[in-house]
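Residue numbers for the sequence shown follow my numbering, beginning at 241 and rising by one.
Glycine included, each C-beta is placed from N, C-alpha and C at the ideal position.
A quick note: this is a predicted structure, and the numbers were derived from the prediction, not measured.
The block underneath contains the structure these notes are about, expressed in structure tokens.
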Amino acid sequence: MSTSTTEREIHRTRAAIDVDAPAESVHRALTDVAGWPVLYPWIAHTEVVAQEGLDDTVKFWAVRPGPEGGLRIWTSTRTVDPAALRMEFTQQGSVGPISELGGTWDFVPLPGGGCRVESGHWFTTEADPADTAGELDRHGGLQMRTLKAQTEHPTALTSDVVRVQDSTVAEGTVAQVHARLLGALPPRVGEESAWFGTADGVPAVQIEHGGHTLVQKLLTPPGPATQYRRRWRLTGAPDGVRVTVDVLAVATEGHGLVRERAVADVRAALASAGQR
Numbered sequence: 241m242s243t244s245t246t247e248r249e250i251h252r253t254r255a256a257i258d259v260d261a262p263a264e265s266v267h268r269a270l271t272d273v274a275g276w277p278v279l280y281p282w283i284a285h286t287e288v289v290a291q292e293g294l295d296d297t298v299k300f301w302a303v304r305p306g307p308e309g310g311l312r313i314w315t316s317t318r319t320v321d322p323a324a325l326r327m328e329f330t331q332q333g334s335v336g337p338i339s340e341l342g343g344t345w346d347f348v349p350l351p352g353g354g355c356r357v358e359s360g361h362w363f364t365t366e367a368d369p370a371d372t373a374g375e376l377d378r379h380g381g382l383q384m385r386t387l388k389a390q391t392e393h394p395t396a397l398t399s400d401v402v403r404v405q406d407s408t409v410a411e412g413t414v415a416q417v418h419a420r421l422l423g424a425l426p427p428r429v430g431e432e433s434a435w436f437g438t439a440d441g442v443p444a445v446q447i448e449h450g451g452h453t454l455v456q457k458l459l460t461p462p463g464p465a466t467q468y469r470r471r472w473r474l475t476g477a478p479d480g481v482r483v484t485v486d487v488l489a490v491a492t493e494g495h496g497l498v499r500e501r502a503v504a505d506v507r508a509a510l511a512s513a514g515q516r
């Protein structure tokens, strides 16, 4: 770790890993945040809240991996450049001991078809910078190792993924249907956008976004699934509210059983919205 001093003390970390997959596909996996709940098991949900050209703003909800546990929510602005195989980001606001955070990710093609993934992060902190750098290195190492494992595995981001979606029209306004669905989830305290609870007899994280999206990710997925998430999205319709429900699951075996459960789950989730 090296440091430099301007108006505030900036600390830097760097990391790299070789991946036996094309640079273009690894860059795409990292920058396609809609796929992060599959790529990274600890990510519960992502939302692109603004986008213009190569620039976007993304909100993330995550269950912190490791012994710390808990929920982490943050927003980042990004510049994603597929031609240069590069991503730059800046985190908005402070999270934990980190006051400011930003950095770059580069994907360098290697002879033989693989690539080297290189990250460089800068941060400011009110805590001991060595401790903060250590936490960044631990999480960054996990992020890189997971990216490597997922992109080197030929089916991890494709045929292992089960998606089921359907929609219906429910009576009432968006606010009324949203309140009905929220009331069917484990209760939250206050107005947090994410909270823990118990669903289907197992721990789950619930997420509310914008008055139109609800997400529930089971932290102990029903076997043989290895990940399991449901989502409701609400939009106004001429004769009520269009409710779209999708289930996202990951399974390395038993795909038929997982899909059957997901289909039944989507039907039940639509019914909870109050079909016309």
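_Which residues does DSSP list as the beta-bridge partners of D346?_
R326, E358
*asked:* Let me confirm a value: S399 is counted as buried when at least 16 other C-beta atoms fall within 10 Å, else exposed. Which label applies?
replied: exposed
*Spatial distance of Q405 from V506 (CA atoms)*: 7 angstroms
*Residues of its chain near V409, where Cβ-Cβ distance is below 8 angstroms and the 5 sequence neighbours each way are ignored*: A477, D479, G480, V481, R482, V483, Q515, R516
*Give the secondary structure of T243 by DSSP, where H, G and I count as helix, E and B as strand, and everything else as coil.*
Residue placement at T243 is flagged as unreliable, the pLDDT there being 39, under the threshold of 50; the coordinate-derived value follows with that caveat. T243 falls in the strand class under three-state DSSP.
_Environment of A424 [buried if 16+ CB atoms lie within 10 Å]_ = exposed
_Tell me which residues share the same chain as V289 and place their Cβ nearer than 6 angstroms to its Cβ, disregarding the 5 neighbours each side in the sequence._
T297, K299
*In angstroms with no decimal places, state the Cα-to-Cα distance between G352 and P464.*
36 angstroms
*What are the start and end residues of the beta strand (DSSP E) that includes P443?*
442-449
*From this set, D321, G354, G336, H267, which residue's C-alpha is nearest E292's C-alpha?*
D321
*Out of curiosity, what's the CA-to-CA distance linking A415 and S407?*
17 angstroms
*Hey, is the segment 267-280 in contact with the segment 381-391, meaning 3+ C-beta pairs nearer than 8 angstroms?*
yes
_Rounded separation between R254 and Q331 - CA only_ = 17 angstroms
*asked:* Pull the bridge partners of V321 from the DSSP assignment, please.
replied: At residue 321 the sequence reads Asp, which differs from the Val that was named. DSSP, once it has assigned bridges, lists R326 as partnering D321.
*Helix, strand or coil for W435 per DSSP?*
strand
*Count the other CB atoms within 10 Å of the CB of E448; is the residue buried (16 or more) or exposed (fewer)?*
buried
*When the Cα atoms are used, what is the spatial distance from V485 to R471?*
6 angstroms
*Could you tell me the distance, in whole angstroms, from the CA atom of V266 to the CA atom of G412?*
44 angstroms
*asked:* Under 8 angstroms: do the segment 450-461 and the segment 365-378 share three or more Cβ pairs, one atom per stretch?
replied: no
*asked:* Assuming A255 is part of the beta strand (DSSP E), what are its boundary residues?
replied: 249-259
*For S512, the first and last residue of its enclosing alpha helix (DSSP H)*: 495-512
*In its own chain, which residues sit with a C-beta less than 7 angstroms from the C-beta of T466, not counting the 5 before and 5 after it?*
V490, A491, T492
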